[in-house]
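*Asks:*
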Amino acid sequence: MTNIRNILFFLLLFVVHPSIASEYLIEAESFSEKGGWKVDQQFMDQMGSPYLLAHGMGVPVEDAKTKLNFREKGTYHVYVRTYNWTSPWYKGKGPGCFKIQVAGKTLPTVLGCEGEKWTWQYAGKVNVKSGEVTVVLKDMTGFDGRIDAVYFTTKKDIVPPMEGNELADFRKKMLGLPAFPKEVSSYDLVVVGGGIAGMCAAVTAARMGCKVALVNDRPVLGGNNSAEVRVHLGGYAEIGPNEGLGRILREFGHSKKGNAQPAEYYEDDKKQNFIEAEKNVTLYANYRAVSVQMNGTEISSVVIKHIETGEEICLKAALFSDCTGDGTIGYLAGADFRMGRESRSEFGESLAPEKADSLTMGASIQWYSKDNGKKTVFPKFNYGMEFNENNCEKVKMGEWTWETGMNKNQIDEAELIRDYGLLVVYSNWSFLKNEWKEKEKYRNWSLEWVAYIAGKRESRRLMGDYILKQDDIDKGVFHEDASFTTTWSIDLHFPDPKNSELFPGQEFKAATKHLFIHPYAVPYRCLYSRNVNNLFMAGRNISTTHVGLGTVRVMRTTGMMGEVVGMAAALCRQYGVLPREIYQHHLPELKKMMKEGAGVKSELPDNQKFNLPNRLLEKPRAFGQGK
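Numbering (our numbering), first residue to last: -13 to 613.
1. To the nearest whole angstrom, what separates the beta carbons of L38 and K24, a pair I think is in contact under 8 Å?
2. For N228, count the other beta carbons within 10 Å of its own beta carbon; 16 or more makes it buried, fewer makes it exposed. Which is it?
3. Using 8 Å as the threshold, is the region 131 to 149 in touch with the region 167 to 178, meaning 3 or more CB pairs across them?
4. Have a look at G117 and I12 and give me their C-alpha separation to the nearest angstrom.
5. On the DSSP letters alone, give me the boundaries of the alpha helix (DSSP H) that M160 sits inside.
6. Using the C-alpha atoms, what's the distance from A14 back to V119?
7. Ignoring anything shorter than 4 residues, give me the alpha helix (DSSP H) runs that lie fully in the region 329 to 397, in order along the chain.
8. Check S486 in the structure and name its three-state DSSP category.
9. Whole angstroms is fine: what's the gap from A263's alpha carbon to G239's?
10. Quick check: the region 300 to 318 against the region 513 to 523, are there 3 or more CB pairs under 8 Å?
11. Please check the pair V136 and V64, which I expect to be a contact at CB under 8 Å, by giving their CB distance rounded to whole angstroms.
12. Where are the alpha helix (DSSP H) runs, 4 residues long or more, that stay fully inside the region 405 to 490, in chain order?
13. Taking N393 as the reference, which of T543, A496 and P574 has the closest Cα?
14. Pull up the DSSP beta-bridge partners for F56, would you.
15. Any idea what DSSP makes of H63, helix, strand or coil?
16. Which residues does DSSP pair with Q107 in a beta bridge?
17. For D49, collect the residues of the same chain with a Cβ closer than 7 Å to its Cβ; drop the 5 residues on either side in sequence, then sort them by chain order.
18. Could you spell out where the beta strand (DSSP E) holding A199 opens and where it closes?
19. Taking the straight line between their C-alpha atoms, what separation do you get for Q32 and L200?
20. Count the CB pairs spanning the region 412 to 422 and the region 364 to 377 that are closer than 8 Å, and state whether there are at least three.
21. The beta strand (DSSP E) with I12 in it runs from where to where?
22. Which of the three DSSP states is assigned to E250 in this structure?
23. Could you check which residue in A303, G34 and W353 has the C-alpha nearest to that of N245?
24. Would you kindly check if the distance between the Cβ of I476 and the Cβ of V533 is under 9 Å?
25. Can you check whether the CB of A304 is closer than 9 Å to the CB of G552?
26. Kindly list the residues whose CB is nearer than 7 Å to the CB of Q396, restricted to its own chain and excluding five residues on each side of it in sequence; keep chain order.
27. Which of the three DSSP states is assigned to L97 in this structure?
28. Could you tell me which of L454, G391 and E567 sits nearest to G491, measuring between CA atoms?
29. Tell me whether E169 sits in a helix, a strand or coil according to DSSP, three-state version.
30. Which residues in the same chain as G128 place their Cβ atom closer than 7 Å to its Cβ, once the five residues preceding and following it in sequence are excluded?
31. Can you look up T139 in the DSSP assignment and give me helix, strand or coil?
32. Taking the alpha-carbon of K257 as reference, which of Q247, S277 and S241 has the nearest alpha-carbon?
33. Rounded to whole angstroms, what is the Cα-Cα separation between N374 and G184?
34. So what's I261 in DSSP terms, helix, strand or just coil?
35. Would the region 326 to 336 count as touching the region 416 to 424 if we require 3 or more Cβ pairs under 8 Å?
36. At what residues does the alpha helix (DSSP H) containing K495 begin and finish?
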């Protein structure tokens, strides 16, 4: 009888066991060897995770590799979360082709060339033994194939959730990530965003006694001024009633002018050394802020997530500064914000449209080419963008004027905007190399660098106690809380009319009309949120209208904003008050600090005399000058 029971038990086990899938998940960004694939975190707020990008500019990139420990041998079905990035413009198979290799076997399916949205594509099946197995991503084209994750299952009909909270929960479960951050660290000030504004805010506050966390979601600092984007610094520093502001830029600012230049022009190491030298600053590189916790109308903490490991850390502080550019922290905290253009009547701005709309300044994908001294080839690239003898751009580089997404949502459609920038660069270059009647002029030229990180100009603007507007600048309106000085022209980009004529609704070139200004000191009240009481902001997301943003958005100016925020944060810490109370009760002390500045007092050469406004008016525009 006992033997019969044992037999029945094992038979039952045999029947039941196959219904239980053995499964594993690998996040692509966690691959131990990235090869030539790039970690792209720009869109993780929309899709829930970073991904790997095969950004080879038409040349297949080196394999990415990692190891996965299989607890059980068996036949595994392999799914890959990917996307055909040219599908919005071309209905055939796309160029982002790659394959996956498992345990030395390259699975047959070509991935990344189909699908109109991010989805799980079936790659094939493979037999594996228990133990450590190597997984390899094999790019086939160099044209920006992308992969979010790899899923292994012994049951073919089990497919992970496609998107949203279900996918997020699935990721955490499969990766064994805790529901809540394990580590909690406390600071006086948390600065989110490691661009020029965030760097200046963090170091200024640190030099004045604050314990500061600086969060940056890329491996390099500088934002649009980094070697990843390559926009040079602009505007005057050390000018206006608080001429001490901006001297700090001499310490880390690059000394060579030019957009879309070789990486060394932007001196990323100099920026890194500048931050690392400050003992009161803790840098969280490769971490992105993903959520906030609120205590009434104040932020109590920010949760940050490592873009490769998924590790989460909770940062607590009395004060926070949103230097993300997109106003991400403010948005998560429920701060009042604006996007798009105000109507002309709302603030009496002559440069505003009659009716409010959603148009913004766009994002640039910069690029340049190189003369190799011998013939080079470029694959034919035709995926929905048709160039010909009449509409092609006969150039060998593209800088700020290559600007996309002005009629799109710069946050929700950010991947689409960036991808369109890549599409037009490759399509135009392919035409010049392969089809133009004078293609011999490009015989020896090859693409040397194409940005894959978009250089944004405008998205959310967080509202403060004061909103900067055209009238302030045109009339030089004096405010008792005058802080950093803006000098750049009112520089509002719009679709280039010629480009609109050639590519209606698909513009990729921008134009502008520079309206020069008299230097103007912007109110401190533009640098803190009007409804999230402990939130500062610095950068292109400060409290301004669309028109006002045209002059304050360049990076020497945003650096001075950061300096003011760092000073105000130090005063908040000293007196145990909130940002608004600095304006109400401690303005004289802030003014004194701004006149002094946070830069080192020792003599440093002024290396910031390039990319200045072409003209500064002697008087505000409203008083006799200035068209």
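Each residue gets a CB set at the ideal place from its N, CA and C atoms; glycine is no exception.
Predicted model, so just to flag it, every value in this text is computed and none were measured.
*Replies:* Quick answer:
1. Along the sequence shown, read from residue 1 onward, the residue named residue 38 stands at position 52. Along the sequence shown, read from residue 1 onward, the residue named residue 24 stands at position 38. Correct: roughly 7 Å between the Cβ atoms.
2. As a first step, residue 228 must be located in the sequence shown, where it is residue number 242. N228 is buried by the Cβ-count criterion.
3. no
4. The residue given as residue 117 occupies position 131 in the sequence shown. The residue given as residue 12 occupies position 26 in the sequence shown. Going from the Cα of G117 to the Cα of I12 covers about 16 Å.
5. The sequence position of residue 160 within the sequence shown is 174, counting from 1. Looking at the DSSP string, the run of the alpha helix (DSSP H) that includes M160 is G150 to L161.
6. The residue labelled residue 119 in the question sits at position 133 within the sequence shown. The residue labelled residue 14 in the question sits at position 28 within the sequence shown. Whole-angstrom Cα-Cα distance: 16 Å.
7. 330 to 333
8. Here residue 486 corresponds to residue number 500 of the sequence shown, with the count starting at 1. S486 falls in the helix class under three-state DSSP.
9. As a working mapping, residue 263 is identified with position 277 in the sequence shown. As a working mapping, residue 239 is identified with position 253 in the sequence shown. Distance between the alpha carbons of A263 and G239 is about 15 Å.
10. yes
11. As a first step, residue 136 must be located in the sequence shown, where it is residue number 150. As a first step, residue 64 must be located in the sequence shown, where it is residue number 78. Their Cβ separation, rounded to whole angstroms, is 7 Å, which keeps V136 and V64 in contact under 8 Å.
12. 456 to 461 and 483 to 488
13. Along the sequence shown, read from residue 1 onward, the residue named residue 393 stands at position 407. Nearest C-alpha to N393: A496.
14. The count along the sequence shown starts at 1 and reaches residue 56 at position 70. DSSP output for F56 lists G117 as bridge partner(s).
15. As a position in the sequence shown, residue 63 is number 77, starting the count at 1. Residue state, collapsed to three classes: strand.
16. Residue mapping note: residue 107 aligns to position 121 of the sequence shown, counting from 1. Partner(s): V66.
17. Against the sequence shown, residue 49 aligns to sequence position 63. Closer than 7 Å at the Cβ level, and outside the excluded window around D49, lie G21, V122, L123 and K124.
18. Mapped onto the sequence shown, residue 199 falls at position 213. It spans V198 to N202 - the beta strand (DSSP E) in which A199 sits, taken as one unbroken run.
19. Numbered from 1 along the sequence shown, position 46 holds the residue referred to as residue 32. Numbered from 1 along the sequence shown, position 214 holds the residue referred to as residue 200. If I take the Cα positions, the gap works out to 23 Å.
20. yes
21. Within the sequence shown, the letter at position 26 stands for residue 12. It spans E9 to E13 - the beta strand (DSSP E) in which I12 sits, taken as one unbroken run.
22. Locating residue 250 in the sequence shown gives position 264, counting from the first residue. Helix, per DSSP.
23. Start at 1 with the first residue of the sequence shown, and residue 245 comes out as number 259. Ranking A303, G34 and W353 by Cα distance to N245 puts W353 first.
24. In the sequence shown, counting from the first residue as 1, residue 533 sits at position 547. In the sequence shown, counting from the first residue as 1, residue 476 sits at position 490. In contact: V533 and I476 (Cβ atoms closer than 9 Å).
25. Looking up residue 552 in the sequence shown gives position 566. Looking up residue 304 in the sequence shown gives position 318. No, they are not a contact pair.
26. Within the sequence shown, numbered from 1, the residue matching residue 396 stands at position 410. T346, A349, I403, K442, E444 and S445, listed in sequence order.
27. By 1-based counting over the sequence shown, the position of residue 97 is 111. In this structure, L97 counts as strand in the three-state DSSP scheme.
28. Here residue 491 is taken as the residue at index 505 of the sequence shown, counted from 1. When only C-alpha atoms are compared, the closest one is G391.
29. For the purposes of this step, residue 169 is identified with residue 183 of the sequence shown, where counting begins at 1. Three-state DSSP puts E169 in a strand.
30. Start at 1 with the first residue of the sequence shown, and residue 128 comes out as number 142. The answer, listed in chain order, is A40, G42, M43, G44, V45, P46 and V47.
31. The count along the sequence shown starts at 1 and reaches residue 139 at position 153. Here T139 sits in strand by DSSP.
32. Walking along the sequence shown from the start, residue 257 turns up at place 271. Of Q247, S277 and S241, the residue nearest in Cα terms is S241.
33. Your numbering for residue 374 matches position 388 in the sequence shown. Your numbering for residue 184 matches position 198 in the sequence shown. Those two C-alpha atoms are separated by around 44 Å.
34. By 1-based counting over the sequence shown, the position of residue 261 is 275. The answer is helix: DSSP assigns I261 an H, G or I state.
35. no
36. Your numbering for residue 495 matches position 509 in the sequence shown. Note, K495: premise wrong, no alpha helix (DSSP H); not H, not E.
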